[in-house]
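Working notes for the structure below.
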Amino acid sequence: MYTRMNETGFSQTMAQLRPKMYRFALALVRRHDEAEDAIQDVSASLWRRWAELDAVRSVEAYAMSAVKNRCLDYLRSAPVKIGEAIQPFHAVHEQTPYASVEQADMVAWVGKLVAALPVQQQMLIRLRDVEGYELSEVAEILDMSEGAVRTGLSRARQRIREKLLKQ
Amino acid sequence: MDEQKVKALLERYFDGATSLAEEQELRRLLTEGDAPASLKPYASLFAFYATERAVSYPAAARAGRAIGVRWWIPAALAAGVALLITVKALTPTHSAYTYYVNGRRVYDKEAATAQAAAKLQMLAASMQHAKAGMASLEKLNEVGRYLEPLDKVRQTLLQVDHVISLAPTAEQSIH
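The listed protein sequences correspond, in order, to chains A and B. Take any residue in the first sequence, count from 1 to its spot, add 117: that is its number in the numbering used here. Take any residue in the second sequence, count from 1 to its spot, add 17: that is its number in the numbering used here.
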């Protein structure tokens, strides 16, 4: 049953989750409009299941998992090119933490290395190293065992390291 | 910077063995201050993570989303109610008013009256043209009475004018 209380709770939760959902979606689909669509769809789905989600399990894990599924569906229908850059306009940064142009270039280069990883490894890096989820949470979002997350994460990081040191 | 400590943490990080707290410590150590050359690539890696985490949801999109779920349910309800009212208003109640305009059944009294009045105005305008025609005919009659057939036409048109003047008004024809 729709209540004001539920609506408020939903709005607050979405306000907290939306930036994470957006970053995760944008990293996968590389297009702002597609990331937007994904969030829209997942928000509608969350609202429909709001009452049961509230009581049963982690809403955040459900939301991120739904974003992942929605984005993978998109990638299956319109795969992005490996290493394709995220549309510059949409990479909105609230701060520019670079000390120099050289550092900015290095960070951009690292971004390309990460974007060139297989999608599964990109998701592991994004969820753990960018969003800071616990391994158990990453496992829940990606529907993997915690051990598989640890192994996959290690492989992804090692792969980045190799390329970093080859420069 | 304790370079050895950072390197040890980095080894554990690449093995997937660090905790979130240790990774935060690594990020802090690598991104604060000037990292030695051997650690610069890793500093860039952790700077990339920090940069990505700072990507915000675009303001324009935020505004759009604010409308999203909060308003669509009441908006949909309002649209539904408006539709019901419209359907109810347009549904004819056959026992009340039934009119025929141009042979078509019309239930809206005001619409039927307006349409009938418009038709009668068009007829009246046509009659003005007819009267102008009659004036011309009278002038012709002054020229010569030999145009007797035209006079008969004039008489006929005068009779038509008379009939029209006796015709009921729009309101009368409707009721």
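All C-beta atoms, glycine included, are put in the ideal place defined by N, C-alpha and C.
- In this structure, the beta-carbon distance from A/Ala142 to A/Ala152 falls below 8 Å.
- In this structure A/Leu234 is not in contact with A/Ala265, their Cβ atoms being roughly 16 Å apart against a cut-off of 8 Å.
- Taking 8 Å as the threshold, the shortest C-beta distance from A/Ile258 to chain B does not fall below it.
- In this structure A/Lys185 is buried. Its beta-carbon is surrounded by 16 or more other beta-carbon atoms within 10 angstroms.
- Fewer than three pairs of CB atoms, one per stretch, sit closer than 8 Å, so the segment 122-137 of chain A makes no contact with the segment 222-230 of chain A.
- Close partners of A/Pro136 in chain B (Cβ separation under 7 Å): Ser73 and Tyr74.
- Taking CB atoms only, A/Tyr179 has no neighbour in chain B less than 8 Å away.
- Proximity of B/Gly33 to chain A, defined by a Cβ-Cβ separation below 8 Å, is satisfied.
- Pairing A/Glu177 with B/Ala52, the inter-Cα distance amounts to about 36 Å.
- Residues are counted here when their Cβ sits less than 7 Å from a Cβ of chain A; for the segment 50-73 of chain B these are Pro58, Ser61, Leu62, Ala64, Phe65, Tyr66, Ala67, Thr68, Glu69, Arg70, Ala71, Val72 and Ser73, given in chain order.
- Nearest neighbour of A/Val236 by Cα position, chosen from A/Leu189, A/His149 and A/Trp167, turns out to be A/Leu189.
- Scanning B/Leu37, B/Tyr59 and B/Gly33 for the CA closest to the CA of B/Leu47 turns up B/Tyr59.
- The residue among A/Asp154, A/Glu169, A/Arg165 and A/Tyr139 with its C-alpha nearest the C-alpha of B/Glu69 is A/Tyr139.
- With respect to the C-alpha of A/Ala132, the residue from B/Gln138, B/Tyr74 and B/Met139 having the closest C-alpha is B/Tyr74.
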